[in-house]
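Take 682 as the starting number for the sequence shown in our numbering and just add one per residue. Heads up, the beta-carbon is just placed ideally off N, CA and C, and yes, glycines get one too.
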Amino acid sequence: MKQFYFYFFLLFSAFYSSQELDTISKSNLQGSLSMQFGKFLGTNDYLKELKHRDFIGMSAELTTQTDGSQEWHRRFGKPYYGGGIIAFDYLKNSDMGKPFAVYGTFGGVIKETKTHSWNYETSGGFAFNWTPYDLKKGYINQTFGSSVSIYINLGANYKYYLGKHFDLGLGLNFNHFSNGALKLPNKGMNTFSPKLSLTYHFDERQFAPHDSLSAFDKYSTLDVNVFGGIRHSIFYGKDPGFQDFDVDMIRKFEGKYYQNWGVETVYHRQVTYKSSLGLGIGLMYDEDYNHKFYQDENGVIQSTRRFKNDQLLLNVFPSYRLSISKFAIQIQPGFYLFKKEIDRRYDKTIFYQRVGFQYTIGKNLLIGIALKSFKFHKADYIEWRLGYRIFNKKNS
């Protein structure tokens, strides 16, 4: 877990300390306070049985407002970016814990007038201080298996301009919490809530120039990435000759931790200013795939190797990349070639889905994080990524 926090700090600090996006005056700083009051959804059996699902969230943010002087400012609605912290209170469900999240945020204008604006907002970070599932302590909520989770927020809001320094906002937000299968169980939590906010501009509000969008040169890129991650795996169901009550639930959820690592190369061709399409191929070692759980003659859960020699997995994937200056969001559904399906309880489907974030340091160094999943909703593991851009060529 120390490496987990270190890499997150490295990724977070690189985004802000290596700012080559543009030089922005301190006068474009703005601070926001906001409050959410909403409900979490009954996405698992434990949550469905709760009579009350209300929560309150309070957040504070410090962001930088772009001034519209750069091309990417105009393409993304004069966006702001920065960071914040949010604390949650689950009211009558205090056994959830007292979670708080530290996050980075990015948002912009959809439509603006001199008195108000319609806006989008996104945030992503890590939430801490959940009360995790623990049978030894009698805590049976399978929503989270660890005290740490990923925090993702998507929202839209309306802001009314109160003079030259203050904005009053009202919006609707969706929050998602999941630990990326770092520790099972990991049912996750989703919430919907209205959001009330007050934003203060340290200097007088500036309106972006209404310049027309300029032409741009299309480029092709070829990247090579190495990645690694840790997956928590557990015993599922029961083996032939045993009953459900023969399964030691405490030993089951102790499980084992397995390594995943590999190398990939991906080619992208820019199709619009924001978007690129590409194709990639990779080779990976999945320690979980090379092992299995079973019940021995006494019913005790054990693990053993599945193959005499370790099996590597070859995968291919189409790729979509949304570029925001040096920051990129990547969506990559992929396929494992030649993967064997031995036990449906443990073998994930050959079709996987990956959503990742990447930042370019300098001209060629790439750092990133990605969540790999299957069946579109089951987290597999979190990838920590380091890469190098071999070329960035103008298309003829």
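Among the residues of its own chain, which have a CB less than 7 Å from the CB of F787, if the five just before and after it don't count? So the list reads P760, Y762 and T803, once near-sequence residues are dropped.
Same chain, Cβ closer than 6 Å to L903, five either side skipped, listed in chain order: Y948, I1071 and F1072, listed in sequence order.
Rounded to whole angstroms, what's the CA-CA distance from K1029 to L1018? Just pull it up for me. Using only the alpha carbons, I get a separation of about 13 Å.
Thinking C-alpha only, which one of Y1033, A1009, R1025 and Q983 is nearest P999? When the alpha-carbon of P999 is set against those of Y1033, A1009, R1025 and Q983, the nearest one is in Y1033.
Straight-line CA distance for D925 to G918? D925 and G918: Cα-Cα distance of roughly 7 Å.
Among S713, I767, Y938 and A768, whose alpha-carbon lies nearest the alpha-carbon of L743? If we check each option's Cα against that of L743, S713 comes out closest.
What does a CB cutoff of less than 6 Å around T704 pick up in its chain, not counting 5 residues either side in sequence? Because the pLDDT of T704 is 47, which lies under 50, any placement of that residue in the model is unreliable, and the question is left without a value.
Considering Cα atoms alone, identify which of Y881, P780, I1005 and L710 is closest to I737. The residue with the shortest Cα to Cα distance from I737 is P780.
Suppose you measure from the CA of T880 to the CA of N860; what does that come to, to the nearest Å? Annotation: T880 to N860 spans about 31 Å, alpha carbon to alpha carbon.
Out of L1003, H972 and S1006, which has the shortest C-alpha to C-alpha gap to N990? The alpha carbon of N990 has as its nearest neighbour, out of L1003, H972 and S1006, the alpha carbon of H972.
Whole-number beta carbon distance between N838 and N800, since they are thought to touch under 8 Å: About 5 Å; that satisfies the 8 Å criterion.
Near K1075, what residues of its chain come up, given a Cβ to Cβ distance below 6 Å and the 5 sequence neighbours on each side ignored? D898 and Y900.
Straight-line CA distance for N1117 to L877? This structure gives no information on residue 1117, because the portion of the chain shown stretches from 682 to 1077.
Kindly list the residues whose CB is nearer than 7 Å to the CB of S914, restricted to its own chain and excluding five residues on each side of it in sequence; keep chain order. The residues are G936, K937, Y939 and D969.
When the cut-off is 7 Å and only beta carbons count, does G723 lie next to chain D? In the structure shown, chain D cannot be found, because there is only a single protein chain.
Please determine if the region 1000–1009 and the region 951–964 are in contact, where contact requires at least 3 C-beta pairs separated by less than 8 Å. Enough Cβ pairs lie closer than 8 Å, so yes.
Quick check on the burial criterion: 16 or more other C-beta atoms within 10 angstroms. Buried or exposed for Y771? Buried is the call here.
Among residues of its own chain, excluding the 5 on either side of I1005, which ones have a beta-carbon nearer than 7 Å to its beta-carbon? Annotation for I1005: W753 and F757 place their beta carbon closer than 7 Å to its own, counting only its chain and skipping 5 residues before and after.
Kindly list the residues whose CB is nearer than 8 Å to the CB of F1057, restricted to its own chain and excluding five residues on each side of it in sequence; keep chain order. Excluding sequence neighbours, F1057 sits near Q1034.
Per DSSP, which residues does W1065 bridge with? Please list them. Within the DSSP secondary-structure output, W1065 pairs in a beta bridge with G909 and I1050.
Reduced DSSP secondary structure (H/G/I, E/B, other) of I705: The predicted position of I705 is uncertain, since its pLDDT is 45 and thus under 50; a value taken from the coordinates is nonetheless stated next. Correct three-state label for I705: coil.
Alpha carbons only, please: which of N906, T796, N709 and G1043 is nearest the one belonging to H882? The option with the nearest alpha carbon to H882 is N709.
Please state the DSSP three-state secondary structure of F916. Looking at F916 - three-state DSSP - the assignment turns out to be coil, as it is neither helix nor strand.
Using a 10 Å radius around the Cβ and a threshold of 16 neighbouring Cβ atoms, would you call K773 buried or exposed? Residue environment analysis places K773 among the exposed positions, since fewer than 16 neighbouring C-beta atoms fall within 10 angstroms of its C-beta.
Could you tell me the distance, in whole angstroms, from the CA atom of E1064 to the CA atom of G850? Cα-Cα distance, rounded: 36 Å.
Return the chain-ordered list of same chain residues with a C-beta closer than 6 Å to the C-beta of R932, the five sequence neighbours on each side being excluded. The answer, listed in chain order, is I982.
Using only alpha-carbon positions, find the residue among W811, Q1011 and K1020 that is nearest to K864. Nearest of W811, Q1011 and K1020 to K864, Cα basis: W811.
Tell me, please, which residues DSSP counts as bridged to I962. DSSP lists T946 and V997 as partners of I962.
Report buried or exposed for K707, applying the criterion of at least 16 other Cβ atoms within 10 angstroms of its Cβ. Caution is warranted here: a pLDDT of 48 is assigned to K707, below 50, making its placement in the model unreliable, and the coordinate value is therefore given only provisionally. Exposed is the call here.
Using only the alpha-carbon positions, how far apart do G826 and R886 sit? Spanning the two alpha carbons is a distance of roughly 45 Å.
To the nearest angstrom, how far is the alpha carbon of P1014 from that of F847? Near 43 Å, if we compare the C-alpha coordinates of F847 and P1014.
With G785 and G805 assumed to form a contact (beta carbons below 8 Å), what rounded beta-carbon distance in angstroms separates them? Indeed, because the Cβ distance is near 6 Å, the residues count as touching under 8 Å.
Limits of the beta strand (DSSP E) - the one that D726 falls within: For D726, there is no enclosing beta strand (DSSP E); the residue is part of the alpha helix (DSSP H) that begins and ends at D726 to K729.
For L879, three-class secondary structure by DSSP: L879 falls in the strand class under three-state DSSP.
C-alpha gap between I1090 and P921, whole angstroms: Residue 1090 lies beyond the range of the chain shown here (682 to 1077); nothing can be said about it.
My understanding is that S715 touches S740, with C-beta atoms under 8 Å, so please give their C-beta distance in whole angstroms. Rounded, the Cβ-Cβ distance is 5 Å, consistent with contact.
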